[in-house]
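Sequences listed follow chains A and B, in order. Numbered by the working numbering, the letters in the first sequence go through residues 333 to 432 in order. Numbered by the working numbering, the letters in the second sequence go through residues 71 to 341 in order. Even glycine gets a Cβ: it sits at the ideal position worked out from N, Cα and C.
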Amino acid sequence: MSTPQPHPGAPARTREQVADLHFMDARYKLLDLAAFLDRLDRASGGEDHRVRGLRAALPLLLEKDEGRVARILTLWSDPSIAPIEKADTKAASGVWPGLK
Amino acid sequence: MRYIEPHGHMVSRTTDDYQAMVLAGCAAICEPAFWAGFDRKSADGFYDYFCQLTQHEPKRAAKYGLPHYSWLCINPKESEDMALAADVLALVPEFLKAPTVLGIGEIGLNKNTRNEMKVLEQHIALAVQYDQMILVHTPHLEDKRKGTRLIMDCLKANGVVKPERVIIDHVEEHTIHEVLDQGFWAGITLYPESKATPVRAIDMIESVSAQRVWLNSACDWGHSDPLSVPKAAQEMRRRGHSATAIDNLVYGNPVKFLSQNSRFKAPAAQA
Numbered sequence: 333m334s335t336p337q338p339h340p341g342a343p344a345r346t347r348e349q350v351a352d353l354h355f356m357d358a359r360y361k362l363l364d365l366a367a368f369l370d371r372l373d374r375a376s377g378g379e380d381h382r383v384r385g386l387r388a389a390l391p392l393l394l395e396k397d398e399g400r401v402a403r404i405l406t407l408w409s410d411p412s413i414a415p416i417e418k419a420d421t422k423a424a425s426g427v428w429p430g431l432k
Numbered sequence: 071m072r073y074i075e076p077h078g079h080m081v082s083r084t085t086d087d088y089q090a091m092v093l094a095g096c097a098a099i100c101e102p103a104f105w106a107g108f109d110r111k112s113a114d115g116f117y118d119y120f121c122q123l124t125q126h127e128p129k130r131a132a133k134y135g136l137p138h139y140s141w142l143c144i145n146p147k148e149s150e151d152m153a154l155a156a157d158v159l160a161l162v163p164e165f166l167k168a169p170t171v172l173g174i175g176e177i178g179l180n181k182n183t184r185n186e187m188k189v190l191e192q193h194i195a196l197a198v199q200y201d202q203m204i205l206v207h208t209p210h211l212e213d214k215r216k217g218t219r220l221i222m223d224c225l226k227a228n229g230v231v232k233p234e235r236v237i238i239d240h241v242e243e244h245t246i247h248e249v250l251d252q253g254f255w256a257g258i259t260l261y262p263e264s265k266a267t268p269v270r271a272i273d274m275i276e277s278v279s280a281q282r283v284w285l286n287s288a289c290d291w292g293h294s295d296p297l298s299v300p301k302a303a304q305e306m307r308r309r310g311h312s313a314t315a316i317d318n319l320v321y322g323n324p325v326k327f328l329s330q331n332s333r334f335k336a337p338a339a340q341a
């Protein structure tokens, strides 16, 4: 576990206090994710790019350093830098389709 | 508690929402022009929408004692049609004279296309020509990081726009630091699923200097919550933030940014 880093705007708190506030919230969300993966297993067809992206992000949860949310969002982001010629949809899917 | 809702699409909300927001402490609301969920076929549709934003919605809000302001533009989702965008942009200057219009917004990008970029440049030029502040919409989900960078490059390339008069909205953990580092204001939009939740928003607030950040619900016709700003304030309270820190974030910061336009009157000063 990494050494706690002071943040400019955060009141001091212990990890136990954080768990007291947010553990149950994180617990049900993890179970919901597990249930989603189980639901996928029970369904037919291939895996689409969004689920591939989700699975690719799971190891990032276990990294030791803070910044996991930003790293996951970056993993799912379009890495190109130039504007595209034309869009074939208005909507975003949540994961860059080119993610391997 | 008092707060400003600096980005709420109230044309999509019911009078019950107005009532709930006022009861929760909302002291003023700002409404940028946005996508209606379908593409309008002509500039006439935008003319009516701008009338709604500048004439009808302020009256509806006033029934709840709520000052209502607006921002005008053609949104990025309809900017692919360059001819339509030109017609709508030609309407905007007339409406900028309305006493509750605060600037140009929410402009930006959706899918990061060349046409969207051209219309963004035209909006920025319009804002400069009429000395208007700018409210920026950044793309959704996987398009956000790239689009945020393209938008900031576009704003800087103009050479005249002052970053402190621009708020770049819908930032998340992977974009907030770049936005603040370049001198812009950053908006964190609180959505139940996409963008940021109140809990994540306060995590971000605790990791940056929050002097140029506001929170907004962007409450619209989709899955959204018009009370998400006071819910984020409640999350701060649960974590032990002071009443002053909460007030600075949900009231003081939006007042500071918006007061760069003299048309915006801080609600406390109106009492």
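- The beta carbon of B:CYS100 sits closer than 6 Å to the beta carbons of PRO76 and TYR139 from its chain, once the five residues preceding and following it are set aside; these are given in chain order.
- For B:TYR88, the enclosing alpha helix (DSSP H) begins and ends at 85 to 94.
- Legend: CB atoms of the region 163 to 192 of chain B lying less than 7 Å from CB atoms of chain A belong to residues ASN180, LYS181, ASN182, THR183, ARG184 and MET187.
- Residue contact check for A:ALA424 against chain B: a CB pair falls below 8 Å.
- Proximity of the region 121 to 131 of chain B to the region 156 to 164 of chain B falls short of the contact definition, fewer than three beta-carbon pairs being nearer than 8 Å.
- With contacts defined as CB atoms closer than 8 Å, B:THR267 and B:ILE238 fail to qualify as a contacting pair.
- Taken in chain order, the members of the region 149 to 164 of chain B whose beta-carbon sits within less than 9 Å of a beta-carbon on chain A are GLU150.
- The alpha-carbon of B:SER149 is positioned some 21 Å away from that of B:SER82.
- Beta-bridge analysis with DSSP links B:ASN180 to no other residue.
- In the DSSP assignment, B:LEU285 falls within the unbroken beta strand (DSSP E) covering 283 to 286.
- Sequence-ordered contacts of the region 376 to 398 of chain A with chain B are nonexistent [C-beta pairs closer than 7 Å].
- Residues of the region 87 to 119 of chain B whose Cβ lies closer than 7 Å to any Cβ of chain A: none.
- Residues of the same chain with a CB within less than 6 Å of the CB of B:TRP284, apart from the 5 flanking positions on each side, are PRO76, GLY257, ASN323 and PRO324 in chain order.
- Boundaries of the alpha helix (DSSP H) around B:SER277: 268 to 277.
- When DSSP assignments are scanned along the region 132 to 207 of chain B, the uninterrupted stretches of beta strand (DSSP E) that are 3 or more residues long and fall wholly within it turn out to be 138 to 142, 171 to 178 and 203 to 207.
- Around B:PRO209, the beta-carbon contacts reaching into chain A at under 8 Å are ALA424.
- Here DSSP, grouped into helix, strand and coil, assigns A:ASP357 to helix.
- Going by DSSP, A:VAL401 is part of no beta strand (DSSP E) but of the alpha helix (DSSP H) stretching over 400 to 407.
- Membership of B:THR314 in the alpha helix (DSSP H) is indicated by the continuous run 313 to 317.
- A residue is called buried when at least 16 other Cβ atoms come within 10 angstroms of its Cβ; B:THR124 meets this threshold and is buried.
- It is roughly 47 Å from the alpha-carbon of B:PHE108 to the alpha-carbon of A:ARG345.
- Nearest CB-CB separation between A:GLU417 and chain B: below the 8 Å threshold.
- Judged by pairs of C-beta atoms under 8 Å, the region 245 to 262 of chain B touches the region 213 to 220 of chain B, as three or more such pairs exist.
- Residues of the region 344 to 359 of chain A with a Cβ closer than 8 Å to any Cβ of chain B, in chain order: ARG345, LEU353, HIS354 and ASP357.
- Following the DSSP letters along the chain, one finds B:GLY257 in no alpha helix (DSSP H) but inside the beta strand (DSSP E) bounded by residues 255 to 259.
- For A:LEU372, the nearest beta carbon of chain B is not closer than 8 Å to its own beta carbon.
- Interface annotation, A:ASP410: in contact with chain B, CB-CB separation under 8 Å.
- The three-state secondary structure of B:ILE237, taken from DSSP, is strand.
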